[in-house]
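In the order they appear, the protein sequences are chains A and B. Sequence positions in the first sequence follow my numbering and run -19 to 133. Sequence positions in the second sequence follow my numbering and run 96 to 301.
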Amino acid sequence: MSAFASALVGLVVLAVPPGAAAETFRVDDTAALPSETTALLRWRDFAPSGGAQETLEGSIAVAVRLNLTAVLNRTGRLYLVLPKQGTTPVRVSWATQGRLLPGEIAPGLRTLVYQGPVTNPYLEETLALRIEADGNHLPGMQRLDFFFEFDAD
Amino acid sequence: MIAAVGACLSVALVVGDAGAFTVNITARNPRTIYLQVGVGTFTGGTYNAGGSPANNPTVNVVSVNVPAAQIGSGAAQAMTTNSTASQSLYDNFTFCNLPGQLYIGGFYRSTSNSGAATLSATSPANLVNSTGNTIPFTQIRWTSSGIGDTGAQPFPAGAFVGGVQTIGSISRNQWAESCHSFSYSNSAVVAAGTYTGRVTYTLSAP
């Protein structure tokens, strides 16, 4: 058992390129501000379809101001992260003004929104979120807590 | 040993100071219901065409003229309706035969699993003519079917009770519909005249 563990550690060390310091930074996005405190979702179809999936949908804008000071002048990938939370299946897609990439995300995943060098300490963008939820499983209010993280090369 | 130190450093960076933004979501209209007895209205086409339900104040009539020789014979008299609703507004499928059947349908939407919506009917004790003669509402009954349907109807056969009664239910996030064929039991001799009474159908969501 001890011998096997030592061999594994050795393999990991060899896999890391010399000089590379790949790090993941949780980005300070405390200045992000949704346009409303709550996104009110409507039934996609006013009447039931008879299918198992009954979708609620709505939209909300979020003014994002990312503090990238910690990764200034570094190159890497910026992700929007939506941790698993709540019990309602949701899917969130968004459009942007061009500084970040549009995309979509589901709980438990992260989506690339920028790749390249960080040349400014702050990045401002507006995300136009479109949220879809399963109407069979949204009895009340649910929180969706997003954050950004940066994988530096 | 070096590998272990590197791993600890990486973890510390991930959980460093940072914020997050929160979006709360909730349903704007957690519950919606639609009920149609006789004619109804969808604006913008049927549901399948993206239409939406609208209010229709029409009160349809179900009636029968009993020949003098048949009064009180006990031979049930089939009733007909002035409703023009033969097609389901769900998809325009021809569901009821006119004029012998009255369309009854609707839907119930809810985000919480608190049970089905209940369809009830409230009928007066009697139909009454202009001189005050009466016919018990219990003399009117119905069978239930729908073109193409093979299973149990959501609003099954029954008879009016001269009061409040349950007609059927609509499960959560479902559309339900039936066609009712009414008949007058004609089991008693009554004075000539036109006897009327109104039944009010109510769909209640939990």
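All C-beta atoms in this analysis are idealised placements derived from N, C-alpha and C, irrespective of residue type, glycine included. Because the structure is a prediction, the values reported are computed rather than measured.
Any C-beta of chain B under 8 Å from that of residue i
| i | result |
| --- | --- |
| A/F127 | yes |
| A/T18 | yes |
| A/P119 | yes |
| A/W23 | yes |
| A/N100 | no |
| A/A75 | no |
| A/N53 | no |
| A/G147 | Lying outside -19 to 133, the shown extent of chain A, residue 147 of chain A is not represented and no answer is given. |
| A/D133 | no |
Neighbour list for residue i in chain A, Cβ cutoff strictly below 8 Å
| i | result |
| --- | --- |
| B/T117 | P14, R123, L124, D125, F126 |
| B/R126 | Per Cβ cutoff of 8 Å: no residues; B/R126 is ~10 Å from chain A at best. |
Minimum Cβ-Cβ distance from residue i to chain A less than 8 Å
| i | result |
| --- | --- |
| B/A300 | no |
| B/R236 | no |
| B/A212 | no |
| B/A247 | no |
| B/S264 | no |
| B/T136 | no |
| B/L108 | With a pLDDT of 31 at B/L108, under the threshold of 50, the predicted position of this residue should be treated as unreliable, and no value is reported. |
| B/A144 | no |
| B/S207 | yes |
| B/A122 | yes |
| B/R293 | no |
Run of the beta strand (DSSP E) containing residue i, from where it starts to where it stops
| i | result |
| --- | --- |
| B/N221 | 221 to 223 |
| B/S239 | 235 to 240 |
| B/S147 | 147 to 149 |
| B/R293 | B/R293 -> no beta strand (DSSP E), and no H or E assigned at all. |
| B/N124 | Premise fails: B/N124 is in no beta strand (DSSP E) and is neither H nor E. |
| B/C274 | 269 to 279 |
| A/T18 | 18 to 23 |
| A/L46 | 35 to 47 |
| B/G201 | 197 to 205 |
| B/F232 | Run containing B/F232: none; DSSP gives neither H nor E here. |
| B/S215 | 212 to 217 |
| B/S264 | 259 to 265 |
Partners in chain B for residue i, counting only beta-carbon separations shorter than 8 Å
| i | result |
| --- | --- |
| A/E37 | Residues of chain B passing the Cβ test: none, with the nearest at roughly 10 Å. |
| A/G83 | Here the premise fails: no neighbours, minimum Cβ distance about 16 Å. |
Proximal residues of chain B, C-beta to C-beta of residue i below 7 Å
| i | result |
| --- | --- |
| A/E34 | N268 |
| A/L109 | V118 |
Proximal chain B residues relative to residue i, where beta-carbon distance stays under 9 Å
| i | result |
| --- | --- |
| A/V42 | F116, V118 |
Interface residues of chain A facing residue i [CB-CB closer than 7 Å]
| i | result |
| --- | --- |
| B/A149 | Chain A residues near B/A149: none, gap ~11 Å exceeds 7 Å. |
Supposed contact pair residue j and residue i - C-beta distance, whole angstroms, cut 8 Å
| i | j | result |
| --- | --- | --- |
| A/V42 | B/F116 | 6 Å |
| B/A122 | A/G96 | B/A122 to A/G96, Cβ: 39 Å. No contact. |
| A/Y59 | A/T91 | 6 Å |
| B/V134 | B/N160 | 22 Å between Cβ atoms; not a contact. |
| A/A113 | A/A75 | Between A/A75 and A/A113 the Cβ distance is about 19 Å, and since that is not below 8 Å, they are no contact. |
| B/Q131 | B/Y198 | 7 Å |
| A/T67 | B/N119 | Between B/N119 and A/T67 the Cβ distance is about 15 Å, and since that is not below 8 Å, they are no contact. |
| B/P231 | B/A220 | 7 Å |
| B/Q157 | B/T176 | In the sequence on display, residue 157 of chain B carries Val and not Gln. The Cβ separation is near 5 Å, so the contact holds. |
> What are the uninterrupted segments assigned as beta strand (DSSP E) that are 3 or more residues long and contained completely in the region 49 to 122 of chain A, given in chain order?
Replying inline: 55 to 62, 70 to 75, 83 to 85, 89 to 97, 102 to 114
>> Runs of 3 residues minimum, wholly inside the region 139 to 188 of chain B: which ones carry the beta strand (DSSP E) assignment?
In response: 147 to 149
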